[in-house]
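Take 8 as the starting number for the sequence shown in this note's numbering and just add one per residue.
The C-beta atom is built at its ideal place from N, Cα and C for all residues, glycine as well.
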Amino acid sequence: MIKSMRTTEGFTLHMQWIEQFVKEAEQALELENVRTTAQTVLFYAGMHVQIEKQQAAASQDHQLNGSHQAGSSQTETTNDWLLAPEEEVVKAALEITAESFHPLLKLSLQTVIEDEERLLTLEERTYIHSYASRYISQIKEKVNQFGTYWLH
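Below, the structure is given as structure tokens:
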């Protein structure tokens with residue numbers, strides 16, 4: 008059975024699909040090159056921002072209890088953070104992500120936006136590979152919490 012939910016914008020989030028995608032990404036990270044791993048990190052940063060903004064909007068709408076002000080909270084969350092420019096995603100993600108992951112987000116952004124894949128030190132490669140799976144696991148937990156919030 009596919010678990011899905013509707014957000015305030017009518018966005019359907021299929022939890023089974025997300026869980027499977029996260030599992031596959033976690034398994035593939037160690038085998039990927041650094042640039043691909045960095046792109047994966049930025050994708051999950053976008054997912055994290057998307058979920059947090061939607062949850063904040065839903066909470067605000069619930070607090071306003073359907074007043075006319077509820078519509079004004081929707082404008083920021085209608086952004087599709089999964090398709091937003093990487094720089095904007097990282098800027099927004101840094102505001103809501105634990106400081107321990109800030110270097111990962113910044114290094115991933117730097118790796119992705121450069122035209123030619125720059126030569127990374129062994130430490131930087133190791134850092135990206137080791138922290139990427141931890142970061143994705145954290146986002147997976149947030150997705151599960153978000154799903155629980157909407158399904159109950």
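From the options, residue whose alpha carbon lies closest to that of residue i
{"i": "A105", "options": "H55, V41 and K30", "result": "H55"}
{"i": "V150", "options": "I58, T47 and E31", "result": "I58"}
{"i": "I120", "options": "E39, A45 and E31", "result": "A45"}
{"i": "L90", "options": "T128, T47, A64 and Q152", "result": "T47"}
{"i": "K30", "options": "S140, F153 and Q152", "result": "S140"}
{"i": "G53", "options": "A64, A99, Q67 and T43", "result": "A99"}
{"i": "F108", "options": "L129, Q145 and T118", "result": "Q145"}
{"i": "K60", "options": "E39, L112, N86 and T133", "result": "N86"}
DSSP three-state assignment for residue i, whether helix, strand or coil
{"i": "N40", "result": "coil"}
{"i": "P110", "result": "helix"}
{"i": "E121", "result": "coil"}
{"i": "T133", "result": "helix"}
{"i": "L127", "result": "coil"}
{"i": "A105", "result": "coil"}
{"i": "L90", "result": "coil"}
{"i": "S144", "result": "helix"}
Beta carbon of residue i nearer than 8 Å to that of residue j
{"i": "E6", "j": "L116", "result": "Only positions 8 to 159 of the chain appear in the structure, and residue 6 is not among them; the question remains open."}
{"i": "Y138", "j": "Y51", "result": "no"}
{"i": "L127", "j": "V97", "result": "no"}
{"i": "I135", "j": "L114", "result": "yes"}
{"i": "F153", "j": "Q67", "result": "no"}
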